[in-house]
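Q: Before I ask anything, let me first share the structure, which is written out below as C-alpha cells.
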Amino acid sequence: MHAYQQQFIEMAIASQALKFGEFTLKSGRVSPYFFNAGMLHMGSNIAHLGRAYAQALVDSGHSVDMIFGPAYKGIPLAAATAIALADHHNRDLPYAYNRKEAKDHGEGGTLVGAPLAGKVAIVDDVITAGTAIREVLTLLKQAKAEPAAIVIGLNRKERGQGSLSAIDELQQSTGVPVVSIIDLDHIMMYLEKAGDQQTSEKIALYREQYGSD
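Mind the numbering: the sequence shown is residues 884 to 1096 in the working numbering, read in order.
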C-alpha cells in the first residue's frame, strides 16, 4: 500500500467518511463498513482528495488530455484533481463538468468548462449502478472524445445481483478501465496493520459472502 493510500484511509476515518460497525445498504445487505464521500467537505479534505486522485491517475499509467467530473460530486473532484496535477505533477490539464439540467440562457447547454476533446479521465466518488458514468460516456462519444479511464475513491469489490460487481460490468461492457484510490484490500491491510483483528475478520466474512473476486 502506497503512503497516499494509507493517508486517504486515515483522512476518511478521521472525517467519518469511512466507518466501521453495522450498516444496512440499499441492497439490503448488512455491511461491516460504510463509505460516504459526502463527509469529506472541508477545504483540507478536498485538497487531499485532489492529490490522491491525481496520484492514482498518474500511477495507473493512462495517458489523458483532460479531466471530467460528472454532476454533482464529480465537479469539485475534477477541479481538485486538475489543481493537484498542475501543482504536483507538472501536468496542466483542462477540466469540464456537466449540469443535471440544460441551461437555456447565457452559454446554454449541459457542459461547463473546456471543450470535450482527446483522452478524458472521468473522476467520481464511487460507482454503484454506473448510470452516471454511462451518461458521461455518451457525452464523450457525441463529442468524439475518448474515455481513457474512470478514477474513483473506493472499489468495494462487491458483486451485484450476478457474479460481477458494477465496476466489473462497466469495464466489460465499455472497455474503459476503472482506477480506484483504494479498494477493500487496502482497508483490510490497514486494519490488520492497526491491530483491529475483530473488524478485519468481519470484513473478511462479508467479502467471502459478497465479494466479486
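Even glycine gets a Cβ: it sits at the ideal position worked out from N, Cα and C.
(1) For Gln888, I'd like the list of residues in its chain whose CB is within less than 6 Å of its CB, leaving aside the five on either flank, ordered along the chain.
(2) Tell me the DSSP secondary structure of Ser1095 in three-state form.
(3) May I have the straight-line CA-CA distance separating Leu994 from Met925, to the nearest angstrom?
(4) I'd like to check one pair, Ala937 with Phe891: are the Cβ atoms closer than 8 Å?
(5) Can you tell me the Cα-Cα spacing of Thr1011 and Glu1052, whole angstroms?
(6) Counting only runs that start and end within the region 886-918, where is the beta strand (DSSP E) found for 3 or more residues in a row?
(7) Closer than 7 Å by C-beta to Arg982: which residues in its own chain qualify, once you throw out the five before and the five after it? Chain order, please.
(8) Could you check how far apart the C-beta atoms of Arg1039 and Leu1067 are, in whole angstroms? I think they sit under 8 Å.
(9) In angstroms, rounded to a whole number, what distance separates the CA positions of Val1006 and Arg1090?
(10) Are the Cβ atoms of Ala1028 and Val1003 separated by less than 8 Å?
(11) Taking C-beta to C-beta, are Met884 and Asn928 nearer than 8 Å?
(12) Roughly how many angstroms separate the alpha carbons of Ser943 and Ala965, rounded to a whole number?
(13) Ignore the nearest five residues each way along the sequence and tell me which others in Gly1013's own chain have a CB closer than 8 Å to its CB.
(14) Check for me: the alpha helix (DSSP H) holding Gly957 runs from which residue to which?
(15) Could you give the first and the last residue of the continuous beta strand (DSSP E) run that contains Ser1056?
(16) Is it buried or exposed for Pro998, if we count other Cβ within 10 angstroms and need 16 for buried?
(17) Helix, strand or coil: which one does DSSP assign to Ser1063?
(18) Just list the residues that DSSP pairs Val1006 with in beta bridges.
(19) Please list, in chain order, all residues of the same chain as Leu1047 whose beta carbon is under 8 Å from its beta carbon, the five residues on each side excluded.
(20) Tell me which residue opens and which closes the beta strand (DSSP E) that Gly952 is part of.
(21) Going by alpha carbons, who is nearest to Ala963 out of Leu940, His931 and Val941?
A: A quick look at the data gives this:
(1) Ile1065 and His1069
(2) coil
(3) 26 Å
(4) no
(5) 11 Å
(6) If we require 3 residues or more, the beta strand (DSSP E) runs fully inside the region 886-918 come out as 901-907 and 913-918.
(7) Ala954, Thr993 and Val995
(8) 6 Å
(9) 26 Å
(10) Taking 8 Å as the Cβ cut-off, Ala1028 and Val1003 qualify as a contacting pair.
(11) no
(12) When rounded, the distance between both Cα atoms is 16 Å.
(13) Ala1049, Ile1050, Glu1052 and Leu1053
(14) Membership of Gly957 in the alpha helix (DSSP H) is indicated by the continuous run Gly957 to His972.
(15) Here Ser1056 belongs to no beta strand (DSSP E); instead the alpha helix (DSSP H) covers Ala1049 to Thr1057.
(16) exposed
(17) Under the three-state reduction of DSSP output, Ser1063 falls in the strand class.
(18) The beta-bridge partner set that DSSP reports for Val1006 consists of Val1034.
(19) Gln1055 and Ser1095
(20) Met949 to Gly952
(21) Of the listed residues, the one whose Cα sits closest to Ala963 is His931.
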